[in-house]
Amino acid sequence: MTTKFLLQQRQFLQQLAAPQFDTPADLVRHLGAVQAQDYDMSKWAVGLRINHCHSSTVEAAINNGQLIRTHVLRPTWHLVHPEDLRWMLALTAPYVKKGIAHYDKKLGLDDAFFKKSNKLICKALEGKHLTRTELKAVLDKAGIESDSHRLVHIMIRPELDGLICSGARKGKQTTYALLDERIPATKNITKDEALNTLALRYFSSHGPATLKDFSWWSGLPITVARAGLEAVKHNLDHEDDYYFKEHAGKFTPKVHLLPNYDEYLVAYADRAAMHNGKNENKMQRAAPFFDNTIIIDGQVAGTWKREVKKDDVKVSVYPFEKLTTTQESKLKKVVAAYIAFMRMT
162 MTTKFLLQQR QFLQQLAAPQ FDTPADLVRH LGAVQAQDYD MSKWAVGLRI NHCHSSTVEA
222 AINNGQLIRT HVLRPTWHLV HPEDLRWMLA LTAPYVKKGI AHYDKKLGLD DAFFKKSNKL
282 ICKALEGKHL TRTELKAVLD KAGIESDSHR LVHIMIRPEL DGLICSGARK GKQTTYALLD
342 ERIPATKNIT KDEALNTLAL RYFSSHGPAT LKDFSWWSGL PITVARAGLE AVKHNLDHED
402 DYYFKEHAGK FTPKVHLLPN YDEYLVAYAD RAAMHNGKNE NKMQRAAPFF DNTIIIDGQV
462 AGTWKREVKK DDVKVSVYPF EKLTTTQESK LKKVVAAYIA FMRMT
C-alpha cells in the first residue's frame, strides 16, 4: 500500500476530505469514539468533520446527552454516542480497570473503597448534575481523602462501572450525572457482538489500519482485537496488513487545522506515514501528534495555537517549512473556518 493511498483513504473515512454527516451524534457514531480530554478542542474535532457546524452545535449535543463524554477506551476521555456507551463499557471496562489497577493500589483504592465511594457519588447525583468540585465536597464530608490525583481515579471507577457519565455543563465546568438518568435503556448485546461492532466501526472509519492499530485504539489485548478483526474482515477491503472500507471518490488535496489528540493522528500505533521524514527534529521538539497540528497532503506540516478572548479568537500558525502560495491561501481559509466555528452561536 502506498503512503499516498493510505493517507487519502484515512482522510475520506475520517470525514476530513468530504464530510458526509450533518449532526455531531451521527459523526461520533461513525467514528466509534472521539478522544476528548481537551474539552474545547474535542468540539473542534467533531465540528471540522461536519457540514455547517459551529461550537454551540457540539456544545448543545453534549449538554442534551446526544453525545456522552466519559472514560471508555485505554483509558482517557472520549466522546461516544449514548446508544453505544453501555455495550462499549461492557467490552472495554475490564481491560481499562486492569490497566490502571497498579495505580489504584498505590493510591490505596481497592474494591471495598470503590463500593463506598461509588455509593456516595451516586447518591449525591440522584436527580442532579454535579461538578467534580461539588462531588469532592461530598467525599470530603464523608471523610474520604480525595487529593487531585486520587480524585481522578475515584471518579473514573463509577464511569467504568456504568454508573455515571457526563452531564450538562455548568458555566465553564463539566459535570457528572447518573448514567441511567442520562441515557434511556438500550438493547443488550453479547460481548462477541460488541467486539465485532467495535472492530467494524474502527476499520470502516479509521482505515486503512492494522490489527496493532485497532488494539492500540481500543485498548483491547491483541488476542481479543484479532478475534474481532477475524469476525468482520469479510466486510472490509484488504491490502498488505491494512483493512478498510475503500472510498472511491475523487480526492482534492486540502489543508487541515487539527486539534490536539485528534483521531487522525492518535488512533494508530504506527504514525510514521503522518510525516515525510524531513522534519524529525521539529517533530520531536513540538510533539505534534499531541498538539494542534497543521496537516498538508495528509501529513503533519506544522503546529498552531489559539488565543480565545471574550469577543475574539486569534490563531497563530507555525509551519515547519515555507509554504507555497497555494498552501498559504488554503491555510488562511481553514484558519478563518476555525474562527467562524468559535464565533458562531
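In the working numbering, the protein residues as written are 162 to 506.
We put the beta carbon where it would ideally sit given N, CA and C, even for glycine.
No experiment lies behind these values; they were computed from the predicted model shown.
Which same chain residues end up closer than 6 angstroms to A498 when comparing Cβ atoms and leaving out the 5 residues on each side of it in sequence?
none
Can you find at least 3 beta carbon pairs, one from the stretch 311 to 328 and one from the stretch 251 to 259, that sit closer than 8 angstroms?
yes
Give the single residue among H290, F274, V461, Q227 whose Cα lies nearest to the Cα of G332.
H290
Simplified DSSP state of R230, which is helix, strand or coil:
strand
Buried or exposed: where does R446 fall if 16 or more other Cβ atoms within 10 Å of its Cβ makes it buried?
Because R446 sits at a pLDDT of 49, beneath the cut-off of 50, its placement in the model cannot be relied upon, and the following sentence gives the value as read from the coordinates. It counts as exposed.
Quick check: what's the CA-CA separation for E482 versus V461?
11 angstroms
Looking only at its own chain, which residues have a Cβ that is under 6 angstroms from the Cβ of I261, when we skip the five neighbours before and after it?
none
Nearest to L282 by CA position, among L339, K258, W238, is which residue?
It should be noted that the sequence gives Ile, not Leu, for residue 282. Considering only alpha carbons, the answer is L339.
Limits of the alpha helix (DSSP H) - the one that T464 falls within
Not the alpha helix (DSSP H): T464 falls in the beta strand (DSSP E), residues 460 to 470.
Ignoring anything shorter than 4 residues or poking outside the stretch 303 to 345, list the alpha helix (DSSP H) runs there in chain order.
309 to 321, 340 to 343
Quick check on DSSP: helix, strand or coil for F173?
helix
Below 6 angstroms CB to CB, which residues in the same chain sit around R318 once its five sequence neighbours on both sides are set aside?
F275
If we ignore side chains and look at the alpha-carbon of each, how far apart do Y337 and G328 end up?
5 angstroms
So, at 7 angstroms on beta carbons, what are the nonlocal neighbours of N396 in its own chain, with the 5 sequence-adjacent residues on each side left out?
L361
As a quick exercise: from T413, Q169, K394, pick the residue whose alpha carbon is nearest that of T358.
K394
Using 8 angstroms for Cβ pairs, my map puts I344 next to G226. What's the rounded Cβ distance?
7 angstroms
Let me confirm a value: S278 is counted as buried when at least 16 other C-beta atoms fall within 10 Å, else exposed. Which label applies?
buried
Pick out whichever of H242, S203, T413, V469 has its Cα sitting closest to the Cα of N421.
S203
Rounded distance between the beta-carbons of L390 and Y404, thought under 8 angstroms:
7 angstroms
Rounded straight-line distance, which links the Cα of D402 to that of A434:
14 angstroms
Whole-angstrom C-beta distance between Y429 and D374, which should lie under 8 angstroms:
5 angstroms
Helix, strand or coil: which one does DSSP assign to T237?
strand
Is the Cβ-Cβ distance between L296 and A285 less than 8 angstroms?
yes
With a Cβ-Cβ cutoff of 8 angstroms, do I229 and F182 count as a contact?
no
If you follow the alpha helix (DSSP H) that Y256 is part of, which residue opens it and which one closes it?
243 to 267
Excluding sequence positions up to five away, which residues of its chain have a Cβ less than 7 angstroms from the Cβ of P480?
I455, A462, G463
Between S365, L356, H242, which has its C-alpha nearest T384's C-alpha?
L356
List the endpoints of the continuous beta strand (DSSP E) containing D473.
473 to 480
For K475, which residues of its own chain have a beta-carbon under 6 angstroms away from its beta-carbon, when the five flanking residues on both sides are left out?
E468
Confirm, please, whether the CB-CB distance from N453 to K470 is below 8 angstroms.
no
Whole angstroms are fine: how far does the CA of V299 sit from the CA of A365?
Position check: residue 365 holds Ser in this sequence, whereas Ala was assumed. Distance between the alpha carbons of S365 and V299: 43 angstroms.
Going by DSSP, what residue range makes up the beta strand (DSSP E) through E400?
398 to 400
Can you give me the start and stop residues for the alpha helix (DSSP H) that H417 sits inside?
Counting along the chain, H417 falls outside any alpha helix (DSSP H), though it belongs to the beta strand (DSSP E) covering 416 to 419.
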